[in-house]
Ligand SMILES: Cc1ncc(C[n+]2csc(CCOP(=O)(O)OP(=O)(O)O)c2C)c(N)n1
Ligand SMILES: Cc1ncc(C[n+]2csc(CCOP(=O)(O)OP(=O)(O)O)c2C)c(N)n1
Ligand code: SF4
Ligand code: SF4
Ligand SMILES: [Mg+2]
Ligand SMILES: [Mg+2]
């Protein structure tokens, strides 16, 4: 039986199955980067285990000339390098697709599928012949399959070799063996199989002005550029690389060239309670400070987030979400900390959330977090996720406006304090809900006593209901006032009766879904929420659509819940599309659920008719 | 100018202003108890500061023959024993009311009000003459004003003396000086003023079969009767007396008469994270265990509540709410931990909440918490508050059904395990969402590995989306299934177009408000929500009313939010009445807000017309 | 699906212990740790100690926090319940478990991150309560699972894989424990099972909190030059404070014990541990001498191993609380509930 | 609205210090603590120490957690910012504050509950970081604000007002600190201002974490017979380890110092603290001697007071991190932001 996949250029998906800790991650990154350099829209998704060495790990690459690079669930090619998972890996290839495997050992006959092409290359054998050291043999197997893929998919081998040369510029011997392995793989493929496969790549020009970067590094860059000097953290996947990134950047760009001193301090805290405490202390004292964490850390930070909210202390916190509850699946992605972040802490509390969709926004929003936190004297949580934070994304080059100066909010200068008859901490200025603050060490007249216990607008201790309430009510108004300052929702299309609403890293998959739905005759407008509190455009969009599908990666419809509670929109207008197994979203998930729900529920007539 | 208050029997309110730490609390409790023994419906509300000694404190007593004993805001009598607060205290008496003050020192003329009667009794002088020791003088002043009140209000003095005799049964000298002070006060009042005042008391028979008890003691009793053997806690106002109560009870009733050993253990933990951890460990191991805390503790317990939810470990937690956010006002009441408790922890989580309204329900629900926690293998949070927990309430005597046996849920016995081919931890039994569990120490075949990380229904580690999701989805169904087992809402009245919905300690004030509104021509039905997840009766009630006013003591309409999210009711049907200054609710608050909102918003026509 | 075979202890695998079990009956699922990880060696030592002591598998409860080390309870004794809880929170969870059922043997496995950072307060209080359990710190100076950050036990000057040197003074669980009144302190090395197994056995028999600090190198993130917790470094710098052979009650074979400079420590249940002191006159029951000895060796770069301190007199949690000798979970409900009559009586006082 | 008058220190109230301030310029709002609370005496000692050292009020930051003790920063130096934070979390908040601005003087006031229970882990790590601050534990053996539960520093046998005896061994912050490498350890008694003021002054000058354990009786819940933290008990059992008079840099008045058995400790900034040793030969810089001395007195029921240990050599947080000599908050934004050009350059590498 012959099965064909149609010949397609720059439009396919492949999945690479490996064992973690064997060096495959770098090889896969190399492939991604090579494709990027070929100017083709591409994405790479690392589906890795919570383990250091020895367990199955996958990497997915999608190439799409139209720029749709959300996760594809239909794999044209499976690179099956992990015998432990052959079974499910072979099972996952689309009919007519290809499986590339290590034929050093015979493939178990039961694994074979009629409708799939098997390409066996004896990578282990080849590498064992070519390399002596066990460690090298393992590592080079990865480069060998990279070579084979270069041949099979028409990846520009000179680009791959150039990348190797860059990586090993100071280790020529290593570079040479890498190149050797690469060629071994490529030559073998060329010799034994028709290259390239029907789906393959050709150089394009789509990546001009673009870079490959992960969201956590971008967030770190945002913090650097915003002028953060104090960072406190406790290690946790998938947030750790925010701080690793910040540290590397500081080591390069924050050593004072004149004095040699560090114009920053990074505190590895004893736990997350301490990390957020350090940020509170530093911000109280006038520094720009931040911490980064994931779900368990957010839970632990609950109490102090309430303190910062109530005592009106700026805080910047980056939450890189992973699968919950509890330890959950630390290396898988989800959007399930929204409610926890929005309303963190006992008592009546609301926090500002920024919801980036990609590393570009991680950079932008991280920087913006500091302005908002200082402007509104309150915690700002940038809620990212593992998919955005730890995968490399192709995005337009980051830009910085050199005229930017931090918006420190209302901090009274020495002179302003001097001029006051008396400083009263929680007295909002006319027309704004924000009360000017003073910093320690500036002027004794500016001194006040910060507390998380009941206080009145003068900053004095109170247990009087009216005085307490006056301050608490202002906090609510202040939170609402922030709606005009946070990033507005991204809205595309208008006039449809169906709206599709999403957030964060779902962006690409949902946009693709909107296109697919349109092709299927379902017209929908698109909105991506980018912050909480919600601006008026969000309410207007939801209002303008009979049905809004809220697409999000959690079980409990957390964004939909917030939209229900925090806008005046009838909840009947809000339906849910929920995908929360832990892998990045694919357009297919969205399309299927939207179609099913539209079939089931009484849908606005126009929605289908009009397209 | 003469001002009169109408003569009223068993229908008035008074407020006592004292300095805390001077012994006034016991004197006020004595008055409350005496009125209780006179068979009159009564309530006492302690409005005390977060301080040990020297600050103003108030006590309010309301007497109402019809049983309306929610907080009254109109004081017929002010007992002004604290010169620091004369000003506001005198201000608060209703026109025509009375102020009783210590005339040992002249009253500042500026404090006098024309429309109020001042009764000066030189308590300090009297006591200084009668008693030598400074400590005794301070203490006896309180008993002296008690005596004066007995005369002025017609409190049965023999009852007061009997109470003193009971208290000091083993200290006759103390009893004698108390009685002396009591008579000094009473005699002085009798001699110098017309006694009783126009409003006063007469013996009734309303308290047969009733007791005076605070909610925290009742909760402790519930835990005792449910068979809790392990308690872990960290001190915090207003939850501390739950554990103090449990300890006293255990010391009395849990010492094994045969062996002399303690059939309980109370662990004062190092913090709240530890306290909840200890409960989790004990419950995992098959004991009935609980902890009690307040808002800050709930925040700190977030992470481990998620662990218990996800690993399906029973937990019983009593949250005695106080004013938030942060440290807030620790000695003031609020209902602002609802959202935090319902959705505690990162990731998708929902917890069972029980919402008692009075000490009777604290007892009942505390006991029930254990059954529910074990039946559903999940955290159950009894959300009480300071008003319920720390004030003495008159309630029907607590009853216990001796045929009660703990519902331990599905715990496999040694024999059941033995009979299994293989134990699989998270496999729900047919028809229920609950998966039988095993306890350590029973059988090696029952052993499994409990974890907060991703697991499948077999109890094995997983990172596979479908396997993870299967378990997470069952947890949601399990939570929903609990709706049929939690206490149903209390519903009164039907057919009105307006519903008034409340929870917890607001009960009495809202019922009174419903009556007042009816007298004003606004008919409304009443519902008190008693648990989350919400049963079908809640949805039906909300549905049956055009407008539902949700009355609660927090800023952010937290119960209304939960009703919005967790029922199918249009949120347009739900309006809010919010009172959150920290003192117990009064009917007046409710009536005023309902009337204002009905005037402002387009209200169902029938609501006013029909009454 | 592990990449590596479990390290097997060399012994006749068919040999049965007193309760008729083979050593492999004490094994767990296959390890998914890195090949060569010190923690796997500790697992093997635990298996052996439990087997030698003929512990009934289901009478063991395996407790842990989060970390590579905290995963290991899955790798021993499948027939025992295990609880891989939350980062740093194992001590309170173990406290609650033990409070409920004192009849089980509790073995907690933790890491230096889990115990000395996020869980430090809990650990100190478990020590203070003298909770009866074996508390193992698989100490590698790094956070293994989160890929190599320094932990609070990283030594001054120790270098991370990135080349950075740690500068803060390490927390030594033994010194800390001593200052808090710990009743059993021992240190071993994952690579030296001959010393570790008897230490574990003594810890299991100890009637109180038995803390064992086990230097257990992380081969992936902390076994390179410059690290003071690497195999090489540890082997070179290890000093044996005491060599001991634990003798369980049923088969006290005095013949196996060395002769010179011995000291016998009588455990609470009557079993005897005998020490061969390396430093002349070392006495693990003499608190101030132990303190002095540890103080002298602190910061010298030398790792003192062995049973360092033991005090069998301290009352443990249950003794302090006068609970029954059996598990609280065994007290029948009828004994716990005072019943309706008592309830009515007690309410007489509330009128 | 306090019930009690503030305890006033007897001194000519008009006297000016070097920066022209009166002692009352160092006072705060009126105390709302119980009449006679030890914490108020500590407040008075702080006022005096700050006045004597001529600290500029606004250059002080007052940090605390939650508790009666933690309220006290409101009662001194109105002209300084204060932060009454959350229970147990003061150490990290102070760490962050100090990281941001090292130019201020940080005085943290905590209680034994705040520091030794809920905040214990944080305290240990602040010690480890050698955070430059004065950390006072107003130690009364109870939770005052929550009405008298035992704290972790309650001594064995100490009885609560209810008559219950504590049975767990207390955590001694001094022994704990020593085991963690603390660089300044002192103990005072709230009732002995003559000893406390110089201790506070030395602590203020210390370049690192200066922990002062101050026995400060809770007159309401822990000053009765049976309690080992009561005034009476403390006065009877107090032993002076060292008497000292701190001499600040500007006015070193050697004449005030006693003569026999003196030892001078040179603080990092050159200021000199001289000790009068009560025990012959006591040397607060000799770690192992200190350890031995404390060890000997631990559990004897005798409270050793004085400057117990000092090590001026340990690098503090900022030294460890090579930050500028001035506050990080003073670094201008222009120095912090690498600018658009650098951003473009760095992205060359990400293609
Ligand atoms: C609350 C929380 N914070 C952070 C983490 C991330 N985390 C997992 S393991 C670990 C440290 C493990 O170090 P250690 O205890 O030394 O164990 P090792 O892996 O070195 O054996 C951390 C920080 C977490 N799981 N939970
Ligand atoms: C998270 C949290 N848990 C509990 C409390 C309640 N609480 C307030 S003060 C305190 C203990 C105070 O004891 P200590 O620190 O010794 O101070 P003291 O009052 O004795 O001076 C506690 C438990 C709280 N405020 N926050
Ligand atoms: S990372 Fe280190 S500690 Fe973790 S399994 Fe690997 S070697 Fe062991
Ligand atoms: S309760 Fe104790 S510690 Fe608190 S103010 Fe009163 S005396 Fe001081
Ligand atoms: Mg470690
Ligand atoms: Mg205290």
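Chains as they are written, first to last, in our numbering: chain A, 25 to 635; chain B, 25 to 635; chain C, 159 to 509; chain D, 159 to 509.
Cβ coordinates follow ideal geometry from the N, Cα and C atoms, glycine included.
- Taking all protein chains shown into account, residue 351 of chain A has 16 or more neighbouring C-beta atoms within 10 Å of its C-beta and is therefore buried.
- Below the 7 Å Cβ cutoff, chain C contributes no neighbours of residue 216 of chain B, its closest Cβ being approximately 33 Å away.
- Distance from the CA of residue 527 of chain A to the CA of residue 373 of chain A, rounded to the nearest whole angstrom, comes to 22 Å.
- Exclusion of residue 184 of chain D from the 7 Å shell around ligand 5 follows from its C-beta lying no nearer than that to any non-hydrogen atom of the ligand.
- The beta carbon of residue 339 of chain A sits no closer than 7 Å to any heavy atom of ligand 6.
- Taking 3 residues as the minimum length, the beta strand (DSSP E) runs contained wholly in the segment 47–122 of chain B are 66–71, 80–88 and 99–104, in order along the chain.
- Residue B:209 holds the alpha-carbon nearest to the alpha-carbon of residue 149 of chain B among B:209, B:613, B:490 and B:310.
- By the rule that beta-carbons nearer than 8 Å mark a contact, residue 491 of chain D touches chain A.
- Closest in C-alpha terms to residue 490 of chain C, from the list B:90, B:249 and B:110, comes B:249.
- Residue environment: residue 592 of chain A is assigned as exposed (fewer than 16 neighbouring CB atoms within 10 Å of its CB, all protein chains considered).
- Using a Cβ-Cβ distance cut-off of 8 Å, the segment 343–361 of chain A and the segment 299–310 of chain A are not in contact, since fewer than three pairs of beta carbons, one from each stretch, lie closer than that value.
- Using a CB distance cut-off of 8 Å, residue 350 of chain B counts as an interface residue toward chain D.
- Here residue 222 of chain C really is in contact with residue 231 of chain C; their C-beta atoms are around 5 Å apart, less than 8 Å.
- In the three-state DSSP reduction, residue 417 of chain B falls in the strand class (E or B).
- For the options B:103, B:568, B:461 and B:609, the alpha carbon positioned closest to that of residue 357 of chain B is the one of B:609.
- Checking the DSSP bridge columns, you'll see residue 403 of chain B partnered with B:339.
- Taking the Cα of residue 276 of chain A as reference, the smallest distance to any Cα among D:500, D:341, D:387 and D:444 is reached at D:500.
- Counting C-beta pairs with one atom in each stretch, the segment 93–106 of chain B and the segment 34–47 of chain B have three or more that are closer than 8 Å, which means they touch.
- For residue 277 of chain B, the chain C residues whose Cβ falls inside 8 Å of its Cβ are 496 and 500, in order along the chain.
- For the segment 594–616 of chain B, the residues whose beta carbon sits under 8 Å from a beta carbon of chain A are, in order, 594, 595, 596, 604, 605, 606 and 607.
- For residue 417 of chain B, the CB contacts under 6 Å within the same chain, skipping 5 residues up- and downstream, are 382 and 383 in chain order.
- The C-beta of residue 427 of chain A has fewer than 16 other C-beta atoms within 10 Å across all chains shown, which makes the residue exposed.
- Using a Cβ-Cβ cut-off of 8 Å, residue 203 of chain B does not count as an interface residue toward chain A, since no Cβ of chain A sits closer than that to its own.
- Taking 8 Å as the threshold, the shortest C-beta distance from residue 266 of chain D to chain A does not fall below it.
- Distance between residue 50 of chain B and residue 302 of chain D, taken at the CA atoms: about 20 Å.
- Taking a beta-carbon distance threshold of 8 Å, residue 167 of chain A does not count as an interface residue toward chain C.
- Look at residue 504 of chain D here: in three-state DSSP terms it is helix.
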